[in-house]
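Visitor: Got a structure for you, written out below as structure tokens; questions coming shortly.
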Amino acid sequence: MENIRNFSIIAHIDHGKSTLADRFIQKTGLVDERKFRDQILDNMDIERERGITIKSQAVTLPYRNKDGVAFELNLIDTPGHVDFSYEVSRALASCEGVLLLIDASQGVEAQTVANLYAAMEHDLEIIPVINKIDLPSADIERVKEEIEVDLGLDSDQALLCSAKEGTGIQEVLDAVTKHIPPPGGSAGGPLKALIFDAHYDPFRGTIVSCRVFSGSLASGDTIRLMSNNAAYRVEEVGIFRLAREPRKRLSAGEVGYIISGIKTVSDVRVGDTVTLDSDPAPEPLPGFKEVKPVVFSSIYPISSEDYHSLSEALEKYKLNDAALVYQKDSSVALGVGFRCGFLGLLHLEIVQERLEREFGQSLIMTVPTVRYRFVLTNGQTVSVDNPIDYPEPVTIDKALEPYIRASIMIPERYMGMVMDLCLERRGVNSRFTYPTPGRIEIQFDMPLAEVIYDFYDKLKTVTQGYGSFDYDLLDYRESDLVRMDILVNGEKVDALSQIVFREKARARALQACERLREEIPRHMFKIAVQGAIGGNIIARKTISPFRKDVTAKCYGGDITRKRKLLEKQKKGKKRMKMIGSVSIPQSAFVAVLKSESK
Amino acid sequence: MQQPGLYLHVPFCRSKCPYCDFYSLANTSLIPDWLEALVSEMALYKGRFGTFDSLYMGGGTPSFLPDFGLETLMHQVQDHFVFVPETEISIEANPKDLTPERVSRLKSLGFNRISVGVQSFDNGELSFLGRQHNARDAMDAVSRVRDAGFANVGMDLIYGLPGQDMAGWFHTLETALSFTPEHLSCYQLTIENGTVFSRMKKKGNLTPIGEDLEEAFFLRTSAFLADRGYLHYEISNFARGREHVCRHNRKYWDHTPYLGLGPSAHSFEDGWRWWNVRSIREYCGALKSGNRPVEGEEALSRAQMHLESVALGLRTREGFAHAEIHDPTARKRLEELEAAGFLLREGTRVVPTMKGFLVAEHLPLYLCGDGQP
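Each protein sequence line maps, in turn, to chains A and B. Residues in the first sequence are numbered from -6 upward in steps of one, following the working numbering. Residues in the second sequence are numbered from 46 upward in steps of one, following the working numbering.
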């Protein structure tokens, strides 16, 4: 155990986390150059494109330091978005130390600070690493000063490297072995292993990633998941190289996987403790929390005959995403589909993209919403996470909406703009703390509905990327809510309805109509887009018709080309939804929430 | 089924016009090889297609061919194919090529319809369009054709040029009408990809007149010519009476068979369409080695035939057969479009109104869905 190190790399986006991980994998000889694929840890296309890590993964690197001592370095990757903050916390709980990676030209940024705080919360050893020192714009002295002043860390400890060029990698790995403490815990006691990730393998079922804190386990053992007491027989344990590598036993201090006939990832909970049936631990590891969806939206196939195909795709997708919940749903405008619950907006977008890209689905997603509560005049309380289920207004005694505590960390100079943004989003009960000179942490109580769509984007815009944002759910508070409907050429489109705060209804309706005016292509006739509450029209926009599209010439040589164009346009139209005789593109159904045009 | 038409593509021009995307070269040295190849291509189709009732020599600029070229073609065509006695024999001609000698030669060769590439009677516009002739040349050419006794004379005109106003366009139209032509093709300027105009537009040196003016020009042109007794029988084509509708061009719009010979020419017969390679060298090379110079072909599915029938029909006053639309959703859309004034029922036909003509490229999307338009 003395020669094991468990660590993670944390960084602001684009500071080079994945590249550094790749260098470690190369340097330790885990993969030869030929097979090397950039950014090996992020193995999903979406992650690659967006440059973010969605699901955490781990890899065990064999490493011999400069004195010739052999180590096993467990690098645990962490997701980088607020939707997955719980997963991040479990990954960090599995480590003894972190590399805090900072771009030599960008310096300390919002996420650097937020990550540092998360690591401090887990009492981890923190090694600052300045990356990209090869850049002409690198300013190492300034970054060192920021490390001292903004982060309160010892800049003499900071290591210099260029993951891209491969310089300084050895020094970083040596520092991991030297400064990060070996794991504690005894291999003799009852088994306690922390689940920090799980993914689905079509041949083996669920692969559970875990860090063993005490005791040990081997194939043939019977394990218990302490949150629900479910028991499974262990088929295989092992460690992660680039592929799984079976081992006889996983013992205290080690990071690896368990295969034990667990059918779907939904049967395991990240943060849960694994123990042995024969010698159970008296209490689980601290910090377990059941993650619940907070954002809801419906998914419909564009073409109604694709419902079954969508149903199968969701079932398969769900095998690898325990956080997604769904049930059957139906809409007058869109037919039969599914009501889904997500951890947040990014999670929603990932689900949508993966269903479209990996499962070939053509989807319409409706406006995301939170779960409201209504106390009815008959004393009954109903939960509503779908505007279709909004109760008859006369039967509503009291409306409640979920509130969060938003924590926003920013350099002081952005305070005015961030305050304005939070107040505009109905933030109340503000508090301020000053963690380091020049930085401020603002807390607000805010309706969840006000942050689910574009709050984070807005925050990043007003703070030029320096704002970090995190939130905890607080409670339900009384509110004044109405259902705002959208009519297209007089026809109500139920999938575009939203539950909104009454005072903001008109502004929201105008915004939705404006977005629809931009999203719906011109037709041959005039299209009226209206927002309404009950029978009252509160907003209206008009899409003017196009009047001429005919081209002058069509002789023998033009016909095939023109027909092919029509066929292509027809295909495009199939990806739209017909409401009456108006074709509405799929993007319109989510765009209504956007406050600004693209 | 109507009788087929024969098209000969002459891919040569004196110079390339900045708006034109038809295939042509200004290089005359290839004419002998091309002629020889064209005759070999005729041999490939000898005895097929039955009896033709139209022959159309287009381009390019057919009038640019030297006399021996025109003579060879006319003789070879008659050696290889059968025609009805009253065949419509058209040629496209540039005003500059229509010398008195040339006009009488065309007459003696058997041409009975001449389409003169006038484009405009405004010298400024003609130079913008990169034409080699001026307004005087155009008027002289049309007069000569008339004087030579051609009873079927057409003119090609272009309108909707950047900066052009309605008065300027009507001046050109009035001048054209003073010759009482049997046929007028009035093409609204379209910026085609790959042309000089398209490059100018990308650089911001050419601004199209915009949808509002396009619409106004189109409608006023139609109304004006209708008033003078011209039938607006296709988006861009007008005839002084039904009998002067271009017999050959109509075949493209109602799936009548046609055989196109020459580089880039398209042919159609019984649901098959095929087209020749564009390059003259490739065309000649293929025929020299005994191969068909075909670049591509397609067999149209029922759905594609249906889509084309509706789309092509909508470009003409003939419209399409009501029976083409049988799907209940499409029938409903048809009624909506009739109610909205885009289409009209005329017996068994559905025909476009002026409003329908304007959006003729969009209407098929509503009418030819697979349940969902």
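Glycine included, C-beta positions come from ideal geometry on N, C-alpha and C.
Classify M517 of chain A: buried if its beta carbon has 16 or more other beta carbons within 10 angstroms, exposed otherwise.
Guide: buried
Visitor: With DSSP collapsed to three states, give me the class of I173 of chain A.
Guide: coil
Visitor: Taking the CB atoms as reference points, tell me whether D447 of chain A and L467 of chain A lie closer together than 8 Å.
Guide: With respect to the 8 Å criterion, D447 of chain A and L467 of chain A are not classified as neighbours on the basis of their beta carbons.
Visitor: Rounded C-beta distance between I3 of chain A and A86 of chain A? I'm assuming under 8 Å.
Guide: That pair is no contact at about 13 Å.
Visitor: With 7 Å as the C-beta to C-beta threshold (strictly closer), list the residues of the region 488 to 513 of chain A near chain D in chain order.
Guide: Annotation note: the requested chain D is absent from the structure, which comprises protein chains A and B.
Visitor: Which value, in whole angstroms, describes the spacing of the CA atoms of C291 of chain B and A284 of chain B?
Guide: Those two C-alpha atoms are separated by around 8 Å.
Visitor: Alpha carbon to alpha carbon, how far is M571 of chain A from L489 of chain A? Give it in angstroms, no decimals.
Guide: Each residue's CA atom was taken as its position, placing L489 of chain A and M571 of chain A some 14 Å apart.
Visitor: Is the region 572 to 586 of chain A in contact with the region 47 to 55 of chain B, if contact means three or more CB pairs nearer than 8 Å?
Guide: no
Visitor: Quick one: Cα of R43 of chain A to Cα of H5 of chain A, how far?
Guide: In this predicted model, R43 of chain A has a pLDDT of only 46, less than 50, meaning its place in the structure is not dependable enough to derive any value.
Visitor: Leaving out five residues on either side along the sequence, give the residues of the same chain with a beta carbon under 7 Å from the beta carbon of A84 of chain A.
Guide: Excluding positions up to five away in sequence, the list reads S1, S49, I69, T71 and F189.
Visitor: Buried or exposed: where does I45 of chain A fall if 16 or more other Cβ atoms within 10 Å of its Cβ makes it buried?
Guide: Note that I45 of chain A scores a pLDDT of 43, beneath 50, so its modelled location is shaky; the value from the coordinates is reported in the next line. Buried.
Visitor: According to DSSP, which residues form a beta bridge with V339 of chain B?
Guide: Listed as beta-bridge partners of V339 of chain B by DSSP are B:N321.
Visitor: Name the residues in the region 319 to 340 of chain B whose C-beta lies less than 8 Å from a C-beta of chain A; which are they?
Guide: Correct list: W320.
Visitor: So, V258 of chain A versus T215 of chain A, is the Cβ gap smaller than 8 Å?
Guide: no
Visitor: Tell me, which residues are paired with L131 of chain B by DSSP?
Guide: Checking the sequence, you will find Glu at residue 131 of chain B rather than Leu. E131 of chain B pairs with nothing; no bridge assigned.
Visitor: Quick check on R350 of chain A: buried or exposed, where buried means 16 or more other Cβ atoms within 10 Å of its Cβ?
Guide: exposed
Visitor: Any beta carbon of chain A sitting closer than 8 Å to that of Y64 of chain B?
Guide: With 8 Å as the cut-off, Y64 of chain B does not count as an interface residue toward chain A.
Visitor: Would you say L403 of chain B lies against chain A (beta-carbon separation less than 8 Å)?
Guide: yes
Visitor: Please say whether T359 of chain A and S253 of chain A have beta carbons closer to each other than 8 Å?
Guide: No, the pair does not count as a contact, with Cβ atoms beyond the cut-off.
Visitor: Which residues, in chain order, does the region 303 to 315 of chain B contribute to contact with chain A at a C-beta distance below 9 Å?
Guide: Taken in chain order, the members of the region 303 to 315 of chain B whose beta-carbon sits within less than 9 Å of a beta-carbon on chain A are Y303, G305, S309, A310, H311, S312 and F313.
Visitor: Looking only at its own chain, which residues have a Cβ that is under 8 Å from the Cβ of E89 of chain A, when we skip the five neighbours before and after it?
Guide: Closer than 8 Å at the Cβ level, and outside the excluded window around E89 of chain A, lie R(-2), N(-1), F0, L117, E118, I173, P174, P175 and P176.
Visitor: Cutting at 8 Å between CB atoms, please list the residues of its own chain near L80 of chain B, excluding the five before and the five after it.
Guide: Once the five neighbours on either side are set aside, the close Cβ partners of L80 of chain B are G114, T117 and L118.
Visitor: So which of B:I254, B:T220 and B:Q123 has the shortest CA-CA distance to A88 of chain B?
Guide: B:Q123
Visitor: Output needed in chain order: residues of the region 532 to 546 of chain A with a Cβ under 8 Å from some Cβ in chain B.
Guide: F539, R540, K541, D542, V543, T544, A545 and K546
Visitor: If I'm right that G105 of chain B touches C62 of chain B with Cβ under 8 Å, what's the distance once you round it to whole angstroms?
Guide: Incorrect: roughly 11 Å between the Cβ atoms, too far for contact.
Visitor: Is it buried or exposed for L359 of chain B, if we count other Cβ within 10 angstroms and need 16 for buried?
Guide: buried
Visitor: Between the region 289 to 300 of chain B and chain A, which residues of the former have a C-beta closer than 9 Å to a C-beta of the latter?
Guide: N294, K296, Y297 and W298
Visitor: Going by DSSP, what residue range makes up the beta strand (DSSP E) through N529 of chain A?
Guide: N529 to I536
Visitor: Straight-line CA distance for R295 of chain B to S135 of chain B?
Guide: 13 Å
Visitor: Short of 7 Å in beta carbon distance, which residues of its chain neighbour H289 of chain B, apart from the five on each side in sequence? Order them along the chain.
Guide: Beyond the five residues adjoining it in sequence on each side, H289 of chain B comes within less than 7 Å, by CB distance, of N197, E227 and H228 in the same chain, given in chain order.
Visitor: Ignoring anything shorter than 4 residues or poking outside the region 203 to 274 of chain A, list the alpha helix (DSSP H) runs there in chain order.
Guide: none
Visitor: At a Cβ threshold of 8 Å, is I280 of chain B touching chain A?
Guide: yes
Visitor: For a cutoff of 8 Å on Cβ pairs, would you count Q562 of chain A as touching chain B?
Guide: yes
Visitor: Measure from the alpha carbon of T362 of chain A to the alpha carbon of each residue in A:I343, A:Q150, A:I492 and A:E417, then state which is nearest.
Guide: A:I492
Visitor: Report, in whole angstroms, the separation of the C-beta atoms of S244 of chain A and A186 of chain A, which I expect to be a contact under 8 Å.
Guide: Rounded, the Cβ-Cβ distance is 10 Å, inconsistent with contact.
Visitor: Which bits of chain B does L317 of chain A rub up against, with CB to CB less than 8 Å?
Guide: Within chain B, no residue comes near L317 of chain A; the closest Cβ sits about 29 Å away, beyond 8 Å.
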